[in-house]
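To keep things clear, I will list the structure first and then write my remarks on it.
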Amino acid sequence: MKKELLIAMSMVITVVVMAYIATLGGGLGPLFSDVRPLAKAFLSTTLDPEKPLFTAMSPEAVTAIVWDYRGLDTLFETAVFYLAIIGAIAIYRDVNEKVGLKGSGLGLSKIVRVVTKVLIPINIAIAISIALHGHLTPGGGFQAGAAMAVMPMLLIVVFSRYFLLELKLTKGLALAFRSIGLTGIALTVFLPIIIALVNGVNAYIMQNQMKVNAPVGLPAFIGNSLISGSLILYNVFEFLAVTFGFSVLFLLLSIEEDIVKDQMRGEVSEH
Amino acid sequence: MKLVKIIPVAILTYIIYIVFSGSVSTYDLVLGVVVAVLAGYLTSELLVSDVGKALSIKRFIWLMLYGVYYLTIAEFKAHFDLIKRILNPKMPINPGIVRTPYNVGNDYSVVTIANSITNTPGTVVVHLDEGRKTYYVHWIDVKAPDPKTTYENIVKAFEGYVKKIFE
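Those sequence lines, one after another, are chains U and P.
Each residue of the first sequence is one higher than the one before, counting from 41 in the working numbering.
Each residue of the second sequence is one higher than the one before, counting from 160 in the working numbering.
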């Protein structure tokens with residue numbers, strides 16, 4: 041009894057102190073009063089056509105850093121993520137998702153199912169909007185893919201995984217779209233080099249705008265619309281790859297355990 | 160036939176795309192169309208069974224009227240009733256789960272009425288029996304458990320509008 045009272049008291053005190061700091065106490069305040077030199081350098085160059093050798097032609101400094109200034113770093117981060125997915129696919133290589141297929145009509149009540157169905161086009165609109173504005177506003181390919189991957193997850197929980205298979209979202213299809221996304225990223229990496237080879241000049245891999253001795257720059261505008269050269273391509277392809285990469289995982293992880301075990305033992309399942 | 164079904168879903172998606180993006184630049188107006196048609200193509204079979212109904216202006220006006228009625232009158236009445244019960248020192252509640260019938264067939268109608276009931280304070284739909292066309296509703300003040308009383312008090316006000324919107 042005494043112990044519980046102590047815990048309750050300490051929780052109350054913590055909440056009150058935190059609330060005081062956050063409101064009347066004026067918050068913790070910024071750690072440094074000035075923008076630091078590194079941040080200044082990025083902020084003054086991300087969208088500055090006057091500095092063609094340093095700019096990424098994107099107002100969104102985070103995307104500019106992630107896919108342009110430190111692009112190779114992001115490329116290998118993406119590789120790590122896809123190696124994890126490849127590992128999962130390898131473990132499930134012998135499992136046929138269509139064994140033990142049950143019809144639709146499973147799942148939660150009609151109220152939940154209808155509301156979830158209406159959410160699908162809304163989810164698509166919002167996720168693709170995040171992807172297409174990755175070079176303009178916070179967000180980008182990975183975040184958009186994560187937002188889109190909510191949908192297969194939700195459909196599995198609400199309708200059962202058989203519903204996804206009925207919609208033709210099978211492991212094979214998801215893998216194909218994931219591969220298109222990854223191939224797109226790879227092609228975008230080599231795009232400046234291909235252009236440079238055709239024109240007989242130098243270029244770097246993952247180059248976006250022109251650099252010293254490498255005059256190849258991907259177009260920053262289409263008409264009057266800012267597309268920030270390679271950034272929009274990376275965001276869109278990353279969106280595809282992440283959406284369907286997660287979809288593959290969800291599809292595999294939602295297969296019933298006994299079906300997986302039966303198939304891995306090499307027996308034909310008759311569930 | 161399938162291509163016509165895309166239109167209502169595409170319109171909805173386009174509006175949501177533009178509102179969420181918060182911009183009416185050429186970039187968004189053009190790409191929004193692409194996204195809307197794509198979303199419509201992927202989901203119209205799931206969502207639309209009757210294009211005429213989905214694009215009917217009359218039904219849309221009834222939907223707007225229902226929105227106004229629901230967000231002002233229905234919500235106000237339910238909140239006011241519940242606030243009275245909360246502030247009353249005797250706390251006059253008589254809670255219970257009652258069966259209440261409904262007379263609509265369409266999926267969207269059933270779900271709209273159920274969500275309308277749940278979203279007004281004091282009543283919550285806890286179960287749906289489609290076979291017997293019955294909601295099981297948790298009601299904070301059970302006046303009487305018979306189907307007639309429950310229908311009059313819980314479902315009737317919403318059903319009139321919803322029939323005109325979805326049926």
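All C-beta atoms in this analysis are idealised placements derived from N, C-alpha and C, irrespective of residue type, glycine included.
Handout entry: Residues that V158 of chain U contacts on chain P, provided the C-beta gap is smaller than 8 Å
Key = Locating residue 158 of chain U in the first sequence gives position 118, counting from the first residue. Contact annotation for V158 of chain U against chain P: L206 [CB-CB distance below 8 Å, chain order].
Problem - Beta-carbon contacts of S309 of chain U that lie in its chain and below 7 Å, excluding the five residues immediately before and after - result: Within the first sequence, numbered from 1, the residue matching residue 309 of chain U stands at position 269. Below a pLDDT of 50, predicted positions are generally treated as unreliable, and S309 of chain U, at 49, falls in that range; no measurement from the model is reported.
Exercise for the section: Report all residues from its chain with a CB closer than 8 Å to the CB of N275 of chain U; omit the five preceding and five following residues, and keep chain order. Expected result: Translated into the one-based positions of the first sequence, residue 275 of chain U becomes position 235. If we look at N275 of chain U and ignore the five residues flanking it on each side, its Cβ neighbours are T103, W107, A171, L172, G174, H175, G180, G181 and A184.
Exercise for the section: Return the chain-ordered list of same chain residues with a C-beta closer than 8 Å to the C-beta of D88 of chain U, the five sequence neighbours on each side being excluded. Expected result: Position 48 of the first sequence, counted from the first residue, corresponds to residue 88 of chain U. Contacts found: F94 and T95.
Exercise for the section: Compare the beta carbon distance of Y228 of chain P and Y320 of chain P with 9 Å and say whether it is the shorter of the two. Expected result: Taking the first residue of the second sequence as position 1, residue 228 of chain P is located at position 69. Taking the first residue of the second sequence as position 1, residue 320 of chain P is located at position 161. Closer than 9 Å, so yes.
Handout entry: Alpha-carbon to alpha-carbon, K322 of chain P and R305 of chain U
Key = Taking the first sequence and counting its residues from 1, the one referred to as residue 305 of chain U is at position 265. Taking the second sequence and counting its residues from 1, the one referred to as residue 322 of chain P is at position 163. Roughly 55 Å between the two C-alpha positions.
Practice task
Please report the Cβ distance between V269 of chain P and K157 of chain U, rounded to the nearest whole angstrom; I am assuming they are in contact, meaning their Cβ atoms lie under 8 Å.
Solution key: For the purposes of this step, residue 269 of chain P is identified with residue 110 of the second sequence, where counting begins at 1. For the purposes of this step, residue 157 of chain U is identified with residue 117 of the first sequence, where counting begins at 1. In fact, because the Cβ distance is near 13 Å, the residues do not count as touching under 8 Å.
Problem - Helix, strand or coil at F179 of chain P [DSSP, three-state] - result: Translated into positions along the second sequence, residue 179 of chain P becomes position 20. Of the three classes helix, strand and coil, the one that applies to F179 of chain P here is helix, per DSSP.
Handout entry: Alpha-carbon to alpha-carbon, V192 of chain P and E296 of chain U
Key = Here residue 296 of chain U refers to the residue found at position 256 when the first sequence is read from its first residue. Here residue 192 of chain P refers to the residue found at position 33 when the second sequence is read from its first residue. The straight-line gap from Cα to Cα measures roughly 40 Å.
Exercise for the section: Let me know the secondary structure DSSP gives G255 of chain P once reduced to three states. Expected result: On the second sequence, position 96 is the one that residue 255 of chain P refers to. In the displayed model, G255 of chain P falls within a strand according to three-state DSSP.
Problem - Backbone secondary structure at F261 of chain U - three-state DSSP - result: Start at 1 with the first residue of the first sequence, and residue 261 of chain U comes out as number 221. Reduced to three states, the DSSP call for F261 of chain U is strand.
Practice task
Using a Cβ cut-off of 7 Å, pull out every chain U residue sitting near F179 of chain P, in sequence order please.
Solution key: Translated into positions along the second sequence, residue 179 of chain P becomes position 20. Chain U residues near F179 of chain P: A165, I166 and S169.
Problem - Beta-carbon proximity list for N136 of chain U, same chain, < 8 Å, skipping 5 on both sides - result: As a working mapping, residue 136 of chain U is identified with position 96 in the first sequence. So the list reads Q303, once near-sequence residues are dropped.
Handout entry: Inter-residue CB distance, A299 of chain P and P254 of chain P (contact presumed, cutoff 8 Å)
Key = Numbered from its first residue, the second sequence carries residue 299 of chain P at position 140. Numbered from its first residue, the second sequence carries residue 254 of chain P at position 95. With the sequence shown as reference, residue 299 of chain P is identified as Ile, and Ala is not the correct amino acid for it. With a Cβ gap of about 5 Å, I299 of chain P and P254 of chain P count as contacting.
Handout entry: Beta carbon proximity, P161 of chain U to chain P, threshold 9 Å
Key = Numbered from 1 along the first sequence, position 121 holds the residue referred to as residue 161 of chain U. Yes, contact with chain P.
Handout entry: is_contact[K80 of chain U, chain P] using C-beta, thresh 9 Å
Key = One-based indexing of the first sequence puts residue 80 of chain U at position 40. By this cut-off, K80 of chain U is not an interface position.
Practice task
Taking L201 of chain U and V288 of chain U to be in contact with their CB atoms under 8 Å, please state how far apart those CB atoms are, rounded to whole angstroms.
Solution key: Working through the first sequence from its first residue, we reach residue 201 of chain U at position 161. Working through the first sequence from its first residue, we reach residue 288 of chain U at position 248. Per the sequence presented here, residue 201 of chain U reads as Arg, with Leu not at that position. 12 Å between Cβ atoms; not a contact.
Practice task
Indicate whether I165 of chain P and S203 of chain P have their beta-carbon atoms separated by less than 9 Å.
Solution key: Your numbering for residue 165 of chain P matches position 6 in the second sequence. Your numbering for residue 203 of chain P matches position 44 in the second sequence. Contact: yes.
Handout entry: Reduced DSSP secondary structure (H/G/I, E/B, other) of K161 of chain P
Key = Here residue 161 of chain P refers to the residue found at position 2 when the second sequence is read from its first residue. Under the three-state reduction of DSSP output, K161 of chain P falls in the helix class.
Practice task
Measure from the alpha carbon of L280 of chain U to the alpha carbon of each residue in U:A216, U:V57 and U:K42, then state which is nearest.
Solution key: The count along the first sequence starts at 1 and reaches residue 280 of chain U at position 240. Just measuring C-alpha positions, the residue of U:A216, U:V57 and U:K42 sitting nearest L280 of chain U is U:A216.
Exercise for the section: Please state if the CB of V314 of chain P and the CB of T259 of chain P are separated by a distance shorter than 9 Å. Expected result: Taking the first residue of the second sequence as 1, we reach residue 259 of chain P at position 100. Taking the first residue of the second sequence as 1, we reach residue 314 of chain P at position 155. The Cβ atoms of T259 of chain P and V314 of chain P sit closer than 9 Å to each other.
Practice task
Would you mind sorting R133 of chain U into buried or exposed? The rule is 16 or more other CB atoms within 10 Å of its CB.
Solution key: Position 93 of the first sequence holds residue 133 of chain U. Counting C-beta atoms within 10 angstroms of its own C-beta, R133 of chain U has fewer than 16 neighbours from the protein chains shown and is therefore classed as exposed.
Exercise for the section: Closer than 8 Å, Cβ to Cβ, to anything on chain U: give me those residues from the region 257-290 of chain P, in chain order. Expected result: Residues D266, Y267, V269, V270, A273, N274, V284, H286, L287 and E289.
Practice task
Please decide whether K164 of chain P counts as near chain U, where near means a Cβ-Cβ distance under 9 Å.
Solution key: On the second sequence, position 5 is the one that residue 164 of chain P refers to. Contacts with chain U at 9 Å (Cβ-Cβ) do not include K164 of chain P.
Practice task
Would you please verify whether the beta carbon of L205 of chain U is less than 9 Å from any beta carbon of chain P?
Solution key: Walking along the first sequence from the start, residue 205 of chain U turns up at place 165. With 9 Å as the cut-off, L205 of chain U does not count as an interface residue toward chain P.
Practice task
Would you mind telling me which residues of chain P sit closer than 7 Å to N265 of chain U, beta carbon to beta carbon, in chain order?
Solution key: By one-based count along the first sequence, residue 265 of chain U stands at place 225. The displayed chain sequence assigns Ser, not Asn, to residue 265 of chain U. In chain order: S184, T185 and Y186.
Practice task
Taking only heavy atoms of the ligand GTP into account, decide whether any of them is closer than 8 Å to the Cβ of D298 of chain U.
Solution key: The ligand content of the structure shown is nil, which means the ligand GTP is not present either.
Handout entry: Which listed residue (U:A62, U:Y109 and U:G65) has its alpha carbon closest to that of T85 of chain U
Key = Walking along the first sequence from the start, residue 85 of chain U turns up at place 45. Looking at the Cα atoms, U:Y109 is the closest of the given residues.
Exercise for the section: Under 7 Å Cβ to Cβ from Y267 of chain P, same chain only, skipping five residues before and after it: list those, please. Expected result: Within the second sequence, the letter at position 108 stands for residue 267 of chain P. Taken in chain order, the residues that qualify are F325.
Problem - Cutoff 8 Å; reference A236 of chain U; Cβ partners in own chain excluding five residues on either side - result: Start at 1 with the first residue of the first sequence, and residue 236 of chain U comes out as number 196. Counting only residues of its own chain and dropping the five nearest sequence neighbours on each side, A236 of chain U has a CB closer than 8 Å to the CB of N242, A243, A254 and V256.
Practice task
Would you please verify whether the beta carbon of L280 of chain U is less than 9 Å from any beta carbon of chain P?
Solution key: As a position in the first sequence, residue 280 of chain U is number 240, starting the count at 1. Look at L280 of chain U: its C-beta is not under 9 Å from any C-beta on chain P.
Exercise for the section: Determine whether the Cβ of P306 of chain P lies closer than 9 Å to any Cβ atom of chain U. Expected result: Along the second sequence, one-based indexing puts residue 306 of chain P at 147. The C-beta of P306 of chain P comes no closer than 9 Å to any C-beta of chain U.
Practice task
Compare the Cα-Cα distances from F116 of chain U to each of U:S270, U:I225 and U:L292 and report the closest residue.
Solution key: In the first sequence, counting from the first residue as 1, residue 116 of chain U sits at position 76. Ranked by how close their Cα comes to the Cα of F116 of chain U, the residues U:S270, U:I225 and U:L292 have U:I225 in first place.
Exercise for the section: Would you mind working out which of U:P99, U:A124, U:L123 and U:V155 sits nearest L271 of chain U, comparing C-alpha positions? Expected result: Numbered from 1 along the first sequence, position 231 holds the residue referred to as residue 271 of chain U. Between L271 of chain U and the set U:P99, U:A124, U:L123 and U:V155, the nearest pair of CA atoms involves U:P99.
Problem - Residue of U:E278, U:M51 and U:L231 minimising C-alpha distance to T114 of chain U - result: Position 74 of the first sequence holds residue 114 of chain U. Of U:E278, U:M51 and U:L231, the residue nearest in Cα terms is U:E278.
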